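Novice: Here it is: the structure, laid out below.
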Amino acid sequence: MSRVIVLFSVIFALLPGMIVFLASFSAGNSLAFPPREFTLHWYGVILGDPEFSSALLMSVMLAGVTSVVATAIALLAALAISRYRTPTTVLIEAFLLSPMVVPHVVIGIGILQIYIIYGLRADLMTLTTGHLIVTIPFALRLLLASIAGLDRRVEMAAASLGAPPFTVFRSVVLPQMKMGIAGALVAAFILSFDDVSLTIFLVQPGYTTIPILLFNQAENNPGPAIHAASVILLLASWIAIFLIDRLMGFERLAFASRK
Amino acid sequence: MYGVTETADGSPPHLELRGVSKTLGGRTVLDHVDLEVAKGDLLGLLGPSGSGKTTMLNIIGGFLSPDSGTVRIAGQDIVGLQPHRRDIGITFQGYALFPHLTVFDNVAFGLKQRGAPKPDIKSRVAEMLALLGLSGYETRLPRALSGGEQQRVALARALVVRPRLMLLDEPLANLDAALRHRVRFEIREVLRRTQVTSIFVTHDQDEAFALCDRVAVLNQGRIQQIGTPADLILEPASAFVAGFIGSPNMLTGRTTSYDEDSQRATVDINGFTHAVNCRTRVAPGTPLTIFVRPEEVTISPATSGGGPFQVKDWVYLGSGREMWVDGPAPLRVRLPNDAQGYQRGERVTLSWRPERAHAFPADAESRATADHDTAQVWR
Amino acid sequence: MSGAAASGNEAARATSAGARPSGHRVRMTRWLIVFGLLAPALLLYATVYLGGMAIIGLASFGLGPDAESGATLVNYREVFASAHIQAVVLRTLRVSAITVIACLVLGFPVARYITSPDARWRSFVVMAVLSPLMVSAIGRVFGWIALFGPGSWVAAQTMHFFGTRATGLLYTEAGVVIGLTNILLPFMVLSIAASRANLDESLLKAAASLGATPSAVFWQVELPLNLPGILGGVLIVFSLSITNFATAALLGGSGRDVVAYEIYSNILTYHQPGTGTALAILLLVCSVAIMMLAIWVGRRADAMQAPRVET
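Protein chains in written order, with the working numbering: chain A, 1 to 259; chain B, 260 to 638; chain C, 639 to 949.
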């Protein structure tokens, strides 16, 4: 019996993605499933749509910048927290990880109010800043785990051989953290790319991301091209999962995202 | 080759395995194992890792089914019987105490499953805890106990239901050396007091010898020999047993002559000849593997002209002196601490009582014992 | 680890400095370095994150830059008094409760499977069931819409069988539950699986050898030891589902108005920042409290498997 449930759960988890994927090739005009004919027509439509392509560009840039900056900031913080464990740093760690337990909508509204007060408009910087708040906790978690797995004695050996702290960091610590850093980059990228609940409060017409675009479209009347658009969005996710699995094993990331 | 199986006093065995075989993942883990244990006996199951001891335990306990063969307890065939109906007490490596239950609830668990009335449970648990020196521990949780204490709770839990058989899986493995000696003694005492038939699985030969009336030596799924510790030391049935028990010297030589009546062979070890005990009839020229324990080798100064062996070095081991001697073959010799000393480089002669050196034809099985750490590689 | 790390690091620094380290100066430099490393993160958080939430907090009490009067509880009173908001909250709780149950029913067998030693399809199941953690929810929403939205085969069947409006399951609370379960199942699975990893096979064998029937082994040993994981999973899923925005908004239709959506519409659409902010603060407090509880439960579960002392 429990095997049946497991099977059902697997199908259930994969179902919507598969349907979107299949429906994107459908020639039929409605949002229907199962599809009747197969075509790549809608991909052409969507990629040609200026609104879509500018949103795509925005999404990619936003996610890219966010992931790099988030990983960098998280790396510095992770080093400080793991190497100088005091009650203060433990508190700071909890603080920096806290956005994971706070509802994104609340964070989004808060950031929106700040921007309103300072008269900031939606642009790459403001959106990035918002995204940083929700991506840094994840990156921090991953990097802390990565640091925790390092053998301190290698660093001690390097120091005993005369290497100053920064050199030890550069030539011993950093290379060993490559996987963790890469994982953090990918995770931060995909989190930023997919985000809706926070971004929706920060975007303005003309400055929007793919998920928000899809969100708005769904509320109004979505055309059949929406499936192609969704698949393009999902593509990023699938690539991210593949990369993460290669880098550190998908399971490790999953368990790191436990609250 | 499969060693003699017999019960101590000839009465029908309490536990009986016949022809038990098991293959796991393509590997034959147990190969036609026959085993008999008399009621009240403490049998040790000794063997290196991978010899099949744990699998045998799992089969007797009911967590695995044998591919072939029978397992009987007091005449009743139990293959096919679910573990919870077998009435076998088991202590696991790691103790497997229920972390969410107190000591009392842990020990009472089996009694509760059997539906014993509350006052009965209370008194029997109290009695068992007292037997194991755990009175007063009733409300403690497993995580607050030391390793030795957890071991005793595990034992109490298994024994309180008065099982018809006890299986102990490496009970001393997780304890440090000093603790092991004490707990070993306690376990033996408790098992004797409760008179329960027990099988004690271990890879540690000292443990097996100290705790058990008889020991079954297991290797690669087969029982090599069953006997008292004395039997195993003095009359090993196979090269594996000879090599596994203690850490004997292992020598290779060639048969020069053989006397069937006395089961003596004269062997030539790189020019050094000596008599050894050999139960198999061998023709002259047959290569032999000889096992002689360091304690059995006598050493004496060479007569003028030089002896075949030369003293290399020695160490003090606390329990005696171990000398390393080079010559036709390298040998370790055990001497008491206060025995006569020798100079490094001094030439000596060695000897041993023939019946204390065991020789076996040097076939594949003997060579397999090279896996076990008997050869000295100190050059 | 901290002790060894600290001393190891200190030793490293001392040796590499080459000079005789004076305690005071070493500590000062250390604090400077720590501060420097943490500064970007802390700065960012303080301004945007804390600042933002502070403003919401203030606004909910009627304070802040565009405030007319002084501190007031009118927003909160309105939240509690409004029948509309009460309905919204009730809906949110209802949907969340059902989602939790669904996640539990589906999640427990899955967690059991992936932690059992002889699971042949283990990594595939793990990837599949946990994929919603990383795969965009929005991207898959249209899958649901296509599956049982108007015009779909499922909708046609339901209309056929139940004769209801041709919207099928979509745009109902049921649709939201399905969507939420899909997204939140991984969290339940992870929580239970993590606590199961601590479950030793030998415990189950021990119970059986002591005479416990398979059913007794489950109820008396397996389930109690899994309880922290189950509890933690329930709390996490509940917290995430009461704060959910996107899925409810897209799949809900008439049932879309959950607390998060109410906040969104209050603040962005209807420009009623008052009730919106008050609701946001209340949601924040509730969800954080539940999460903290979940974390505490998780810690207690780990403590149960504390290492033994060797004496």
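Note that beta-carbon positions come from the ideal geometry of N, C-alpha and C, so glycine has one too. The model shown is predicted, which means the values in this text are computed figures rather than measured ones.
#1: Who are the Cβ neighbours of A/PHE189 in its own chain at under 6 Å, not counting the five residues just before and after it?
#2: Evaluate contact between the segment 379-395 of chain B and the segment 858-872 of chain C, counting only Cβ atoms and requiring at least three cross-stretch pairs below 8 Å.
#3: Please name the residue, chosen from A/MET177, A/PRO103, A/ILE109 and A/LEU91, that lies closest to A/ALA145 on a Cα-to-Cα basis.
#4: Measure from the alpha carbon of B/ARG603 to the alpha carbon of each residue in B/ALA621, B/VAL584, B/HIS617 and B/ALA588, then state which is nearest.
#5: Show which residues of chain C have a CB atom less than 9 Å away from the CB atom of B/HIS343.
#6: Cβ of C/VAL631 within 8 Å of Cβ of C/LEU873?
#7: For A/PRO211, return the contacting residues in chain C, with the cut-off set at a CB-CB distance below 7 Å.
#8: May I have a chain-ordered list of the beta strand (DSSP E) segments no shorter than 3 residues that lie completely inside the segment 311-350 of chain B?
#9: With a threshold of 16 other CB atoms inside 10 Å of the CB of A/ALA240, please say whether the residue is buried or exposed.
#10: Given a threshold of 16 other Cβ atoms within 10 Å of its Cβ, counted over all protein chains shown, does B/ARG612 qualify as buried or as exposed?
#11: Threshold first: 4 residues or longer. Then list the alpha helix (DSSP H) segments lying entirely within the segment 41-92 of chain A, N to C.
#12: Taking the runs of the beta strand (DSSP E) that are 3 residues or longer, which of them lie wholly in the segment 179-219 of chain A?
#13: Say whether the segment 817-824 of chain C touches the segment 314-334 of chain B, bearing in mind that this needs 3 or more beta-carbon pairs closer than 8 Å, one atom from each stretch.
#14: Spell out whether any CB of chain C is found under 8 Å from the CB atom of B/HIS462.
#15: State the DSSP-derived secondary structure class of A/MET1, mapped to helix, strand or coil.
#16: Can you list, in chain order, the residues of its chain whose CB lies under 6 Å from that of C/THR737, leaving out five sequence neighbours each side?
#17: Determine contact between the segment 342-361 of chain B and the segment 298-305 of chain B, defined as no fewer than three beta-carbon pairs at a distance below 8 Å.
#18: In whole angstroms, give me the CA-to-CA distance for C/VAL926 and B/LEU404.
#19: Just how far apart, CA to CA, sit B/LEU274 and B/GLU555?
#20: DSSP three-state call for C/MET772: helix, strand or coil?
#21: Are there any heavy atoms of the ligand GTP lying less than 7 Å away from the beta-carbon of C/ASP756, as far as the coordinates show?
#22: Leaving out five residues on either side along the sequence, give the residues of the same chain with a beta carbon under 7 Å from the beta carbon of C/LEU869.
#23: Where do the N-terminal and C-terminal ends of the beta strand (DSSP E) with B/ASN536 fall, by residue?
#24: Short check: CB of A/LEU150 to CB of A/VAL173, under 8 Å?
#25: Return no unless some Cβ of chain A is closer than 8 Å to the Cβ of C/VAL664.
#26: Between which two residues does the beta strand (DSSP E) containing B/ILE558 stretch?
#27: Nearest to C/THR881 by CA position, among C/SER734, C/ALA692 and C/LEU711, is which residue?
#28: Looking only at C-alpha atoms, which of A/ALA225, A/THR88, A/LEU76 and A/ALA94 sits nearest to A/ASP49?
#29: Can you confirm whether C/LEU823, when its beta carbon is compared against all beta carbons of chain A, has any partner nearer than 8 Å?
#30: In the DSSP assignment, what residue or residues form a beta bridge with B/ASN433?
#31: Under 8 Å Cβ-Cβ, which residues of chain A neighbour C/GLY689?
#32: What does B/ASP569 pair with, by DSSP beta-bridge criteria?
#33: Please report whether the beta-carbon of C/TRP782 lies at a distance below 8 Å from any beta-carbon of chain A.
#34: State the DSSP-derived secondary structure class of B/GLU295, mapped to helix, strand or coil.
#35: Counting only the same chain and skipping the five closest in sequence on each side, list residues whose C-beta sits under 7 Å from that of A/GLY249.
#36: Look at the Cβ atom of A/SER139, then the Cβ atom of A/ALA187, and state whether they are nearer than 8 Å.
Specialist: Taking the coordinates as given:
#1: ALA63 and SER67
#2: no
#3: A/MET177
#4: Ranking the options by Cα distance to B/ARG603, first place goes to B/VAL584.
#5: ALA845, ALA846, SER847, LEU848, GLY849, ALA850, THR851, PRO852, ALA854 and VAL855
#6: Any property of residue 631 of chain C remains undetermined from this structure, which presents chain C solely from 639 to 949.
#7: SER774 and ILE776
#8: Entirely contained in the segment 311-350 of chain B, the beta strand (DSSP E) runs reaching 3 residues are, in chain order, 327-332 and 347-350.
#9: buried
#10: exposed
#11: Taken in chain order, the unbroken stretches of alpha helix (DSSP H) that lie wholly in the segment 41-92 of chain A and span 4 residues or more are 41-48 and 50-83.
#12: none
#13: No, because fewer than three Cβ pairs between the segment 817-824 of chain C and the segment 314-334 of chain B fall closer than 8 Å, the two stretches do not touch.
#14: no
#15: coil
#16: VAL815, LEU818, THR819 and SER879
#17: Fewer than three beta-carbon pairs drawn from the segment 342-361 of chain B and the segment 298-305 of chain B are found closer than 8 Å, and the two stretches are therefore not classed as touching.
#18: 36 Å
#19: 37 Å
#20: coil
#21: For the ligand GTP, the structure offers nothing, since it holds no ligand at all.
#22: For C/LEU869, the CB contacts under 7 Å within the same chain, skipping 5 residues up- and downstream, are VAL935 in chain order.
#23: 531-536
#24: yes
#25: No - not a single Cβ of chain A is within 8 Å of the one on C/VAL664.
#26: Per DSSP, the unbroken beta strand (DSSP E) holding B/ILE558 starts and ends at 557-560.
#27: C/SER734
#28: A/ALA225
#29: Closer than 8 Å to some Cβ of chain A, the Cβ of C/LEU823 qualifies, so yes.
#30: In DSSP, B/ASN433 forms no bridge with anything.
#31: Neighbours of C/GLY689 on chain A, chain order: GLY110 and ILE114.
#32: In the sequence on display, residue 569 of chain B carries Gln and not Asp. Answer is B/ASP585 and B/ARG606.
#33: yes
#34: strand
#35: none
#36: Reading off the sequence, residue 139 of chain A comes out as Ala, not Ser. Going by C-beta atoms, A/ALA139 is nearer than 8 Å to A/ALA187.
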